[in-house]
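Each step along the sequence shown adds one to the number in numbering that gives the first Met the number 0, with nothing skipped, and position 341 is 340.
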Amino acid sequence: MTTSGTSPSSSRPPPDIESGVVPITDPDDDFDDPFDITTTKNASTDSLRRWRQAALVLNASRRFRYTLDLRKNEDQEKRRRMIRSHAQVIRAALLFKLAGERAIVLGTTVSPPSPSGGYGISLEQLISMTRDHNISAFHQYGGVKGLSEMLKTDLDRGVPGDDCELSDRRNAFGSNTYPVKEGRSFLRFLWEAWQDLTLIILIVAAAASLVLGIKTEGLEEGWYDGGSITFAVLLVIFVTATSDYRQSLQFQNLNEEKRNIRIEITRGGRREKVSIYDVVVGDVIPLKIGDQVPADGLLIKGHSLAIDESSMTGESKIVHKDQKAPFLMSGCKVADGTGTMLVTSVGINTEWGLLMASISEDTGEETPLQVRLNGVATFIGIVGLAVALLVLAVLMARFFTGNSKNRDGTVQFVRGQTSVSEAVDGVIKIFTAAVTIVVVAVPEGLPLAVTLTLAYSMKKMMADKALVRRLSACETMGSATTICSDKTGTLTLNQMTVVEAYVGQKKIDPPEDGLQYHSTVASLLNEGIAQNTSGSVFSSKDGACIEVSGSPTEKALLQWGVKIGMNFDVVRSQSTLLHVCPFNSSKKRGGVALRGADSQVHIHWKGAAEIVLASCKEYLDTNGSLQPTDKDMEYLKKAIEEMAARSLRCVAIAYRNFEIDEIPVEEEQLAEWNLPEDDLILLAIVGIKDPCRPGVKNAVKICTDAGVKVRMVTGDNIQTAKAIAIECGILSSGEDATEPNIIEGKTFREYSEKEREHTSKQISVMGRSSPSDKLLLVQTLRKLGEVVAVTGDGTNDAPALHEADIGLAMGIQGTEVAKESSDIIILDDNFASVVKVVRWGRSVYANIQKFIQFQLTVNVAALVINVVAAVSSGDVPLNTVQLLWVNLIMDTLGALALATEPPTDHLMHRSPVGRREPLVTNIMWRNLIIQALYQVAVLLVLNFRGTAILNLKNDERGNAVKNTLIFNGFVLCQIFNEFNARKPDQMNVFSGVTKNYLFMGIVGTTLILQIIIIQFLGKFTSTVRLDWSLWVVSIVIGIFSWPLAIVGKLIPVPQTPLARVFSKPYQRCIASRHR
């Protein structure tokens, strides 16, 4: 079998030992199953189209509602290209439309700024300048400084953050929102539920039956048959539409959550995080690598700022921004560098807003489980159609040969005597019975059960701090065999503090004691900490204390700097920033070039201690004197190792002097200039403590017990990584800390491909790894058949997140680029939340299997009972209305009850679900065959011998009572069997049932409705009232399924999947449909 987009020969999987799946080795078997798609994450359009064409579908609008709409997806891509290429035309049309309302005057020349809404420039002038990237207008308005004055914005402190000010700006320039297309209405769902071919046939048949019934029996009695079928069909439509509508609302809410990005802005001199929707014109927004540009705007200042504009232009080209090209477009990503922007246009006034408003309707997404369930539904449907045709042929033959009798014993059809209308009525009833069998047999709701359980799981996962961006990831996590986790913030708390500091050979204790630092060292440290940072220090709103913003490492260093006497604003004002080399996870360091008041240039570096130390030739001691590092290098390295062994993050701070004449003068040359990295003077080495998260050791143990290997992949020092790994339980002891269990990224990178394949499965910790090392590890593990989940937060992690089976981005520290490349966002950055995602992933798979077992039991029992009865006696004990009620219990209510079971600890005591493990396992086959055989045996005995057993031979209602008992017993069997389906492989099926209120509510509602149907709606369902003794009999028939299930679970099952037995005829059928 092939995975998507690959050839059969190259992609045949290794045996799945855990699931007992053995590859088919028959040389004649070249069957390419269109429903075997291992992952839909990067599946080709061709493979997605193939399975749709192979599926047997009676209601396409319902079956494919939550799968990817391939045609709409193509249309949206065309629309994207059209909007990109005709953005100015669309904008002109929009402005032309607004012209009548706002009297906008469009001109070719730049008109002087016209005050509007209390501001010095109008909305239309801002839009026009930004849209056209009109540099002459930009200069005419006085550049960024002039525009900021017109917009009443302080470029350093931002706009005041009070509600009144923000409201005025929204009224004048609009809000940062765009119109989102409304979801389907409830009436649309009703209409789509009505599209089912079988239901349409039943309505037509019911209408004909109604007309003939009234004609032959009169209005008072003749409308029951046709009317009851119509009512039952309408009930099915209504319940189906209600269930689907509720699901769609859940998806809408989740999509809204995905769009609501949190960004950092400067307001009133303070940095704070707000929703992207709260951004207003005039806001000052700091930008760093991985951020999304939240609105159109202008660059205030930047250092090596590079923007990826592919989301707007369609070209994967990185554009450098400076004062010659200051225009920033909403929706683009920061690829490199840092900067600050002034917002000039928001929402629908940006091209991104126009683009989003036109394509915001979701095109859906399928999951591997949905695809496989379409295969199961197709298989069951083919069997059901064959059975229905057999029943139709047998009943028609019996009817026209005079072998069918009415309940009073008279022959239904006598040639030459029976009227045409009576004959037509008889044929309609037979045809209706056959069509109803198809309704029960073709499980249209089976693939939708995945959507139901995914919608439920996604909602609950939000409460567990996980936002699902891609549906398929939710279920793929159930198959995860390994998790490659970051250390910082995921396994640790990300609450960093400087706890140790070395200046030269002296350990400063405590490190925040400013008196122990020589004035020269302290001055240079303050300069390096304050200027070489993307964070900031500011007063709290009440002015009572100092607040710090930035990454956790930046915050730790800034807090330490404040404690040793650094005045952030004063220090920054004493020197001018010439050039910035931002920190990134590949270089493990970042630097700045500064010009002081005396025109002296200092280049400051900070980063991974051993890397920065290697570039130092001297250090400043506690007396402020320069000393060579050669003789003390071993001491300094040992200090780093000792701190790392105590799980401290080691950061070195260094600087060097530089001649001002050697610095490029031209802005373009300066942007390309590489800061000198050698001949540095070491100022200090600090140890930053980041404690392990509480509960992380237990979470790692849960993963290990569940057969999921946790690997730590970190950019930190190998010794720090080792110490944290032991503390977290990833390594059991220091004795495990040998190659290849613990390895450096560089070593792994230098291995040959065969060596990497040999060692990758043994790796537990990878230290000093770059994002490319992480990607290499993911690729190697996937090649070896592992299902890999990866956590990441940086922009450079995007390739690994995209490559992994499940990409998990961090919600707090993660960049927008990382989040967009991920499948699930961990909102609290906590590893324990990753483990919860694994539980939910396994729960999705388990719940679907429960529902399949329940549904197949009903299918098999209903089909066999009706076929045997039809062939032998010419009558079906379960009529159309009764089967429609059973279908409702089975399809919609059953899915709701079983697909929303919460995960249990039992799920984490089994191995990961094999990706090719059959959906219907041998355990499920055993359970459903036992239950189906029992139901068929009991109900057929009642059908043929019921009147004698119940002593009803002399009762004129005997046949009606017998058929009612069969119907009642059959429904109660399903109600009691729902409990069995909850725990297919456990003896105690009642464990936790009282906590699942939805399950109990549905079972209770079904039972109450069944009582009402039997006791009060007999005219509609062709049943009669049962006395208490027959109710006891019905309950005994149903409740016997409980002890039977317990006995059945003692029967061992073979290792080879029984699904293989049925595969040959099914494959031939699918292959013939697919040709």
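Where is the CB? At the ideal position from N, CA and C, for every residue including glycine.
Neighbourhood of residue i by C-beta, 7 Å cutoff - its chain only, sequence neighbours within 5 removed
i, result
"K760", "L783"
"Y118", "M149, L150, K151, A171"
"L906", "R838, R841, S842, A845"
Residues bridged to residue i (per DSSP)
i, result
"H601", "L593, N656"
"V342", "G296"
"D153", "G157"
"Y118", "S115"
"A305", "H319, D335"
"E671", "Its beta-bridge partners do not exist; DSSP assigns none."
"S548", "S535"
"C649", "G686"
Inter-residue Cα distance where the pair is residue i and residue j
i, j, result
"V393", "V777", "59 Å"
"P1056", "M923", "11 Å"
"F989", "A896", "14 Å"
"S751", "G766", "19 Å"
"Q1054", "L286", "57 Å"
"N348", "V279", "12 Å"
"R1024", "L248", "41 Å"
"L146", "E350", "21 Å"
"T24", "I823", "Unreliable placement is indicated for T24, whose pLDDT of 39 sits below 50; the coordinate value is still reported in the next sentence. The straight-line gap from Cα to Cα measures roughly 37 Å."
"Q87", "T339", "Because the pLDDT at Q87 is just 48, under 50, the model does not fix this residue reliably, and the point stays unresolved."
"I639", "H132", "51 Å"
"E219", "I213", "8 Å"
"V919", "L451", "19 Å"
"V611", "L635", "12 Å"
"R909", "Y996", "26 Å"
First through last residue of the beta strand (DSSP E) which encompasses residue i
i, result
"S274", "269-274"
"Y618", "615-619"
"S538", "535-538"
"N583", "574-583"
"K505", "505-507"
"T489", "Premise fails: T489 is in no beta strand (DSSP E) and is neither H nor E."
Residues of its chain near residue i, where Cβ-Cβ distance is below 8 Å and the 5 sequence neighbours each way are ignored
i, result
"G106", "Low confidence applies here, because G106 scores a pLDDT of 41, under 50, leaving its location unreliable and the question unanswered by this model."
"V885", "V439, V857, A861, L877, F969, V970, Q973"
"L551", "Note on residue identity: the sequence assigns Pro, not Leu, to residue 551. Around P551: T487, G488, N493, Q494, M495, D689, Q812."
Limits of the unbroken alpha helix (DSSP H) element including residue i
i, result
"I1112", "This structure cannot speak to residue 1112, because the chain is shown only from 0 to 1074."
"F1039", "Here F1039 belongs to no alpha helix (DSSP H), and DSSP marks it neither H nor E."
"P551", "551-562"
"H757", "752-759"
"C702", "695-704"
"M999", "996-1015"
"M632", "632-644"
"M476", "Note, M476: premise wrong, no alpha helix (DSSP H); not H, not E."
"S227", "223-258"
"A799", "797-802"
"K287", "Looking at the DSSP string, K287 is not in any alpha helix (DSSP H), and its letter there is neither H nor E."
"R781", "770-782"
Close-in-space but distant-in-sequence residues of the same chain around residue i (CB under 6 Å, 5 per side omitted)
i, result
"D792", "M809, Q812, G813, A817"
"I507", "A500, Q515"
"G945", "K961"
"A334", "A305, D307, I317"
"W559", "V497"
Contact under 8 Å by Cβ, residue i with residue j
i, j, result
"R594", "I680", "no"
"F1019", "V880", "yes"
"D629", "R655", "no"
"V650", "V685", "yes"
"E676", "S614", "yes"
Proximity test, Cβ basis, 8 Å: residue i and chain C
i, result
"D290", "Absent here is chain C; the protein component of the structure consists of one chain."
Any non-hydrogen atom of the ligand SAM within 7 Å of residue i CB
i, result
"A788", "For the structure depicted, the ligand SAM is absent and the ligand set is empty, with no information on it obtainable."
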